[in-house]
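Visitor:
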Amino acid sequence: MEKFKLIIVEDVPLELKGTEGIIRHEIPEADVIGTADCESAYWRLIKQQQPDLVLLDLGLGGSTTVGVEICRQTKELYPQVKILIFTGEIINEKLWVDVLDAGADGIILKTGELLTRRDVMAVMEGKQLVFNEPILEKIVERFKHAVSSQLARNEALINYEIDEYDERFLRHLALGYTKEQITGLRGMPFGVKSLEKRQNELVKKLFPGGESVNATRLVVRALELRILDVDNLEPDME
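Numbers 1168 to 1405, taken from my numbering, label the letters of the sequence shown in order.
(1) Could you check the C-alpha separation between Glu1322 and Trp1263 for me, to the nearest Å?
(2) The beta strand (DSSP E) that contains Asp1371, what's its start and end?
(3) On the three-state DSSP scale, how would you describe Ile1302?
(4) Leaving out five residues on either side along the sequence, give the residues of the same chain with a beta carbon under 7 Å from the beta carbon of Asn1259.
(5) Kindly indicate which three-state DSSP category Leu1183 falls into: helix, strand or coil?
(6) What is the DSSP secondary structure of Thr1278, reduced to helix, strand or coil?
(7) Rounded to the nearest angstrom, what separates Gly1279 and Thr1202 at their Cα positions?
(8) From Phe1374 to Lys1261, what does the alpha carbon distance come to, in whole angstroms?
(9) Can you tell me whether DSSP reads Ile1329 as helix, strand or coil?
(10) I'd like to check one pair, Leu1222 with Glu1453: are the Cβ atoms closer than 8 Å?
(11) In the DSSP assignment, the alpha helix (DSSP H) including Asp1286 goes from what residue to what residue?
(12) What is the DSSP secondary structure of Leu1337, reduced to helix, strand or coil?
(13) Taking the DSSP output, what are the residues bridged to Val1199?
(14) Kindly give me the distance between the Cβ atoms of Leu1340 and Pro1402, rounded to whole angstroms, as I take these residues to be in contact under 8 Å.
(15) Would Ile1394 be called buried (16 or more neighbouring beta carbons within 10 Å of its own) or exposed?
(16) For the alpha helix (DSSP H) that contains Lys1249, what are its first and last residues?
(17) Whole angstroms is fine: what's the gap from Glu1187's alpha carbon to Glu1193's?
(18) Within 10 angstroms of its Cβ, does Pro1356 collect 16 or more other Cβ (buried), or is it exposed?
(19) Three or more C-beta pairs closer than 8 Å, one from the region 1239-1246 and one from the region 1265-1283: is that the case here?
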């Protein structure tokens, strides 16, 4: 790896010392051109000398949003500068999403393997979305859950013979639409009586015991069977 210029943004002196030690011993190619413990100090530094990489802590001065804004503004003003998040925010997953949306090249959590030469090299070589093991484990876990949920939904659609119009009908019932409103959806070629008939047919499919249920219970059953995805209940264009 070629030599590169680095700015470290960290407001906890002990953690800054530890980070500098890691870089000094594990990443000799890094030339630390400055450190900053707050937003104003960072902007003074980067205006004096532009780095190749910013190693950015998110929680500065007790705020979890300052780091996100530093990332966003840096990417807007200096798009060629790479930003690797090095943070102790190991629980606030929304913060990870926010900083990735702001353009961060990767996130290294201050737990487990910590900062490695391999991760820094990956960022400097242009790899995007570099993560260390703790965050990778969470990503893989969520990925597996998402795939399993989708497979279960696909199986439910096949097993219960749910077509496109059944799904749209159930989804809009779940969103609180009346049958009259559902008939007004674009591409929904049914009147109210046809939807009532479709509802009765769905009840027979999802409640083979023959009991009488209302629309609310029907929707709950569709959610239980994964026919509807509770995380993706969006209305169609009207």
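C-beta atoms are modelled at their ideal positions from N, C-alpha and C, and glycine is treated no differently.
Guide: This is what the structure gives:
(1) 33 Å
(2) According to the sequence shown, residue 1371 is Lys rather than Asp. In this chain, Lys1371 is not harboured by any beta strand (DSSP E); it is covered by the alpha helix (DSSP H) spanning Val1359 to Leu1373.
(3) helix
(4) Excluding sequence neighbours, Asn1259 sits near Thr1231.
(5) helix
(6) Three-state DSSP puts Thr1278 in coil, outside helix and strand.
(7) 24 Å
(8) 39 Å
(9) coil
(10) With the chain running from 1168 to 1405 in the structure shown, residue 1453 is simply not present.
(11) Arg1284 to Met1291
(12) helix
(13) Partner(s): Leu1173.
(14) That belief does not hold up - the Cβ atoms of Leu1340 and Pro1402 are roughly 11 Å apart, past 8 Å.
(15) buried
(16) Unbroken run through Lys1249 is the beta strand (DSSP E), Lys1249 to Thr1254; no alpha helix (DSSP H).
(17) 10 Å
(18) exposed
(19) yes
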